[in-house]
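**Student:**
In our numbering, the protein residues as written are 124 to 294.
#1: Do residue 258 and residue 221 come within 8 Å of each other at the CB atom, strictly closer than that value?
#2: By how many angstroms is the C-alpha of residue 172 removed from the C-alpha of residue 195?
#3: Consult DSSP for residue 176 and reduce its assignment to one of helix, strand or coil.
#4: Report yes or no: do the stretch 273–288 and the stretch 244–260 share at least 3 C-beta pairs separated by less than 8 Å?
#5: Would you kindly work out how many angstroms separate the C-alpha atoms of residue 146 and residue 168, rounded to a whole number?
#6: Which residues in the same chain have their Cβ closer than 7 Å to the Cβ of residue 283, if we skip the five residues on either side of it in sequence?
#7: Taking the alpha helix (DSSP H) that residue 137 falls in, what are its first and last residues?
#8: Can you check the stretch 196–258 for any alpha helix (DSSP H) of at least 4 residues that lies completely inside it and give the ranges in chain order?
#9: Could you compute how far the alpha carbon of residue 186 sits from the alpha carbon of residue 208?
#10: Please report the residue range of the alpha helix (DSSP H) in which residue 156 lies.
#11: Nearest-angstrom Cα distance between residue 244 and residue 237?
#12: Would you tell me roughly how many angstroms separate the C-alpha atoms of residue 144 and residue 161, rounded to the nearest one?
Next up, the structure:
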């Protein structure tokens, strides 16, 4: 009998045994090599995914921190403005206080000067009165010494008044 492609029973048997051996070899290699490599690749993939998730979480946390710092910077500017405003108000209060103290000091100085002027005025009046007394005594001495009549006496009084001045007699 002529065989097609030289297929005999032995060849078919060897082929089936070879296929079974290759299948078992595949299972054995799959268990010994492919599964650990797959597990290694899966672990690596999980680690990379975890790193990416961690990086995204860190990025979000950094963005939140940046937002907080920006908010704090804005608040710092507001706080600085409040502090400057308070300092300005204190400066204005100090300025008003210093001006009030200066006005009070000026009023005290002016009052003291007026009192001193009044004392000087009284001293001057006392001096004028002393001079008037001396002039009157001199005049009385002249009147007695001269024993003159009343017209001459009136004339001497008028001259004395002119020398002293009318204001001394009016005050």
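No residue lacks a Cβ here, since even glycine has one placed at the ideal position from N, Cα and C. Keep in mind that this is a model prediction, so the values were computed, not measured.
**Tutor:** The short version:
#1: Indexing the chain shown from 1 puts residue 221 at position 98. Indexing the chain shown from 1 puts residue 258 at position 135. Contact flag unset, no.
#2: As a first step, residue 195 is located in the chain shown; it is residue number 72 there, counting from the start. As a first step, residue 172 is located in the chain shown; it is residue number 49 there, counting from the start. Going from the Cα of residue 195 to the Cα of residue 172 covers about 34 Å.
#3: Counted from its first residue, the chain shown places residue 176 at position 53. Reduced to three states, the DSSP call for residue 176 is helix.
#4: With the cut-off at 8 Å, the stretch 273–288 and the stretch 244–260 touch.
#5: To locate residue 146, count along the chain shown from 1; it is residue 23. To locate residue 168, count along the chain shown from 1; it is residue 45. Here the C-alpha atom of residue 146 lies approximately 29 Å from the C-alpha atom of residue 168.
#6: Start at 1 with the first residue of the chain shown, and residue 283 comes out as number 160. Cβ neighbours of residue 283 beyond the five flanking positions: 258 and 262.
#7: For the purposes of this step, residue 137 is taken as residue 14 along the chain shown, with counting starting at 1. Element bounds for residue 137: 132–152.
#8: Runs of the alpha helix (DSSP H) lying entirely within the stretch 196–258 and spanning at least 4 residues: none are present.
#9: Position 63 of the chain shown holds residue 186. Position 85 of the chain shown holds residue 208. If you take the alpha carbons of residue 186 and residue 208, they lie about 33 Å apart.
#10: The count along the chain shown starts at 1 and reaches residue 156 at position 33. First-last for residue 156: undefined, no H or E at that position.
#11: The residue given as residue 244 occupies position 121 in the chain shown. The residue given as residue 237 occupies position 114 in the chain shown. In this structure, the CA atom of residue 244 is about 10 Å from the CA atom of residue 237.
#12: Taking the first residue of the chain shown as 1, we reach residue 144 at position 21. Taking the first residue of the chain shown as 1, we reach residue 161 at position 38. Residue 144 and residue 161 have their C-alpha atoms spaced approximately 23 Å apart.
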